[in-house]
Amino acid sequence: MPRIIPPWEIKRELLTKAEDTTNPKYGHRPSERPAKEYIQYGTINLDKPAGPTSHEVAAWVKKIMHLNNIGHGGTLEA
Amino acid sequence: MTGILPITLEDATKVVQAFLYSGKEYVCVMKLHGDVKEEQIKPVLKEFEDEIYQRPPLRSSVKRQLRTRRIYYIDYLELDGRNVLFKVGCEAGTYIRKLCFDIGEILGVGAHMQELRRTRSGSFIETSSTKVTLHDVAYWFGEWEQKKDEAILHKFIEPMENALTLLPKIVVRDSAVDALCHGANLTAPGVLSVEAGIEKGSILTIFTLKGEAVALAKALASTEEMLTLKHGAVAALERVLMLRGTYPKVWKSGNVNEQRQ
Numbered sequence: 001m002p003r004i005i006p007p008w009e010i011k012r013e014l015l016t017k018a019e020d021t022t023n024p025k026y027g028h029r030p031s032e033r034p035a036k037e038y039i040q041y042g043t044i045n046l047d048k049p050a051g052p053t054s055h056e057v058a059a060w061v062k063k064i065m066h067l068n069n070i071g072h073g074g075t076l077e078a
Numbered sequence: 001m002t003g004i005l006p007i008t009l010e011d012a013t014k015v016v017q018a019f020l021y022s023g024k025e026y027v028c029v030m031k032l033h034g035d036v037k038e039e040q041i042k043p044v045l046k047e048f049e050d051e052i053y054q055r056p057p058l059r060s061s062v063k064r065q066l067r068t069r070r071i072y073y074i075d076y077l078e079l080d081g082r083n084v085l086f087k088v089g090c091e092a093g094t095y096i097r098k099l100c101f102d103i104g105e106i107l108g109v110g111a112h113m114q115e116l117r118r119t120r121s122g123s124f125i126e127t128s129s130t131k132v133t134l135h136d137v138a139y140w141f142g143e144w145e146q147k148k149d150e151a152i153l154h155k156f157i158e159p160m161e162n163a164l165t166l167l168p169k170i171v172v173r174d175s176a177v178d179a180l181c182h183g184a185n186l187t188a189p190g191v192l193s194v195e196a197g198i199e200k201g202s203i204l205t206i207f208t209l210k211g212e213a214v215a216l217a218k219a220l221a222s223t224e225e226m227l228t229l230k231h232g233a234v235a236a237l238e239r240v241l242m243l244r245g246t247y248p249k250v251w252k253s254g255n256v257n258e259q260r261q
């Protein structure tokens, strides 16, 4: 069977239909978000230690960063 | 189990559904229950680089029906006695424990998964400069609270947009944004660019020209149709990601900030 391409190796070309400008008055480039917003729309690439469950680890991050909401992508067994 | 666990902060948690289905990569130690030579092990691992059958184990949260999963690659790394070290890239929902059991069956001696470490979850990888441990998070957050230097946040937090790079994208005009934030379908005139290869039914992300994620959506047309259509809905919203009012409301005439009479 021919090698299945992993999704992260797929390259897609961005095709332009029309051109337009964006008003600097509204929104922010993600890397330029002010602190509060940067955190509000942020993710952490966490290297989970052995022991605690994924849920416990996420709850721990929520606590030390005083957040209202936290989520995690894909449970890793303790 | 250790390794890459993407954490979403506050409103970024809305993107979780996008990467629960993304591919993963693991490094695994498989313990064989008998002695097998390296020359026998390598070809058997390669056999599993395919679409394989799996039934979820007893202790699982999903329905225990037979299903298939794709193994993108298995790279044999090392043999030490009866311990086999290998790297595996696979579709979300692949049980590596079951994979080890099945490899053991084919080898004839039996095997079990001894240790597992996740090295990739979608676009989150081990070699990323922003990959952090819990200690790092506590350290950097403490530094941030003390110094209030925004550069510190960038050391351990990434914008949620980086988690969406594996999904195809559409870039839209400023004037289309707020309607999308209210849940409206994306219509043809709002489209500026489209990535190649989108099919009807594909999940995609809608972005502004500034690179902000507006919403997760489902394609109602293919890339080619989206590029040529002049009217009609091209994508249906699945999840709004941007706050309403970030971009101004635009009324039918298309004039930004026109007051409603």
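Quick mapping for you: the protein sequence lines, in order, are chains A and B.
Using the working numbering, you'd call the opening residue of the first sequence number 1 and step up by one each time.
Using the working numbering, you'd call the opening residue of the second sequence number 1 and step up by one each time.
Note that beta-carbon positions come from the ideal geometry of N, C-alpha and C, so glycine has one too.
Distance between residue j and residue i (C-alpha atoms, nearest Å)
i, j, result
"E9(A)", "G23(B)", "11 Å"
"K87(B)", "R120(B)", "11 Å"
"G81(B)", "E39(B)", "14 Å"
"P248(B)", "D174(B)", "8 Å"
"I64(A)", "L5(B)", "17 Å"
"V44(B)", "F124(B)", "29 Å"
"K25(A)", "L166(B)", "29 Å"
"P159(B)", "S31(A)", "7 Å"
"I112(B)", "L46(A)", "The sequence shown places His at residue 112(B), rather than the Ile named in the question. Near 27 Å, if we compare the C-alpha coordinates of L46(A) and H112(B)."
"G73(A)", "I206(B)", "21 Å"
"T43(A)", "L9(B)", "6 Å"
"Q259(B)", "R67(B)", "Legend: pLDDT at Q259(B) = 46, less than 50; position of this residue unreliable, no value from coordinates given."
"R3(A)", "R244(B)", "44 Å"
"F141(B)", "L241(B)", "25 Å"
"L220(B)", "F19(B)", "21 Å"
"R59(B)", "E126(B)", "28 Å"
"Q261(B)", "A236(B)", "Interpretation of Q261(B) is limited by its pLDDT of 42, a score under 50 that renders its predicted location unreliable; the figure taken from the coordinates is listed afterwards. Straight-line Cα distance between these residues: approximately 30 Å."
"V172(B)", "L153(B)", "29 Å"
"E238(B)", "L229(B)", "22 Å"
"Y76(B)", "A233(B)", "48 Å"
"K17(A)", "L227(B)", "6 Å"
"A314(B)", "L116(B)", "Nothing can be reported for residue 314(B), as the shown portion of chain B is limited to 1 through 261."
"A176(B)", "T187(B)", "8 Å"
"G3(B)", "S128(B)", "13 Å"
"S253(B)", "V194(B)", "Because the pLDDT of S253(B) is 49, which lies under 50, any placement of that residue in the model is unreliable, and the question is left without a value."
"C100(B)", "M30(B)", "6 Å"
"L32(B)", "D102(B)", "11 Å"
"D136(B)", "D178(B)", "37 Å"
Delimiting residues of the beta strand (DSSP E) encompassing residue i
i, result
"I74(B)", "R67 to D80"
"I203(B)", "I203 to F207"
"K218(B)", "A213 to A219"
Delimiting residues of the alpha helix (DSSP H) encompassing residue i
i, result
"E105(B)", "I96 to L107"
"S175(B)", "D174 to C181"
"I52(B)", "Here I52(B) belongs to no alpha helix (DSSP H); instead the beta strand (DSSP E) covers E51 to Q54."
"A276(B)", "No answer is possible for residue 276(B): the residues shown for chain B start at 1 and end at 261."
"A92(B)", "From DSSP, A92(B) is part of no alpha helix (DSSP H); its letter is neither H nor E."
"L20(B)", "V16 to L20"
"L237(B)", "Careful: L237(B) lies outside any alpha helix (DSSP H), inside the beta strand (DSSP E) at A233 to V240."
"P6(A)", "Counting along the chain, P6(A) falls outside any alpha helix (DSSP H), and DSSP gives it neither H nor E."
"M1(B)", "No alpha helix (DSSP H) contains M1(B), which DSSP labels as neither H nor E."
"V44(B)", "E38 to E47"
"L227(B)", "T223 to T228"
For residue i: DSSP bridge partner residues
i, result
"N45(A)", "P6(B) and K131(B)"
"S193(B)", "T16(A) and V171(B)"
"Y247(B)", "DSSP, once it has assigned bridges, lists no residue as partnering Y247(B)."
"E158(B)", "T43(A)"
"L32(B)", "A111(B)"
"I125(B)", "R120(B)"
"F86(B)", "C28(B) and Y76(B)"
"T187(B)", "A233(B)"
Closer than 8 Å, Cβ to Cβ, to anything on chain B: give me those residues from the stretch 19-38 of chain A, in chain order. E19, D20, T21, T22, N23, Y26, G27, H28, R29, P30, S31, R33, P34, A35 and Y38
Quick one: which residues of the stretch 71-89 of chain B get their C-beta closer than 9 Å to a C-beta of chain A? List them in chain order. I71, Y72, Y73 and G89
Can you give me, in chain order, the residues of the stretch 215-233 of chain B that have a beta carbon less than 8 Å from any beta carbon in chain A? T223, M226 and L227
Every unbroken alpha helix (DSSP H) inside the stretch 28-75 of chain A [4 residues or more]: 35-40 and 54-64
Taking any Cβ of chain A, which residues in the stretch 153-167 of chain B have a Cβ under 8 Å from it, in chain order? L153, H154, F156, I157, E158, P159, M160, E161, N162, A163 and L166
Taking any Cβ of chain A, which residues in the stretch 190-219 of chain B have a Cβ under 7 Å from it, in chain order? V191, L192, S193, V194, E195, A196, G197, T208, L209, K210, G211 and E212
Which residues, in chain order, does the stretch 130-143 of chain B contribute to contact with chain A at a C-beta distance below 8 Å? T130, K131, V132, T133, L134, V137, A138 and F141
Quick one, which residues of the stretch 43-63 of chain A are near chain B if we go by CB-CB under 8 Å, in chain order? T43, I44, N45, L46, D47, K48, P49, A50, S54, V57, A58, W60 and V61
Closer than 7 Å, Cβ to Cβ, to anything on chain A: give me those residues from the stretch 35-48 of chain B, in chain order. none
Which of the residues in the stretch 87-111 of chain B, read from start to end, lie with their CB under 8 Å from any CB of chain A? G89 and A92
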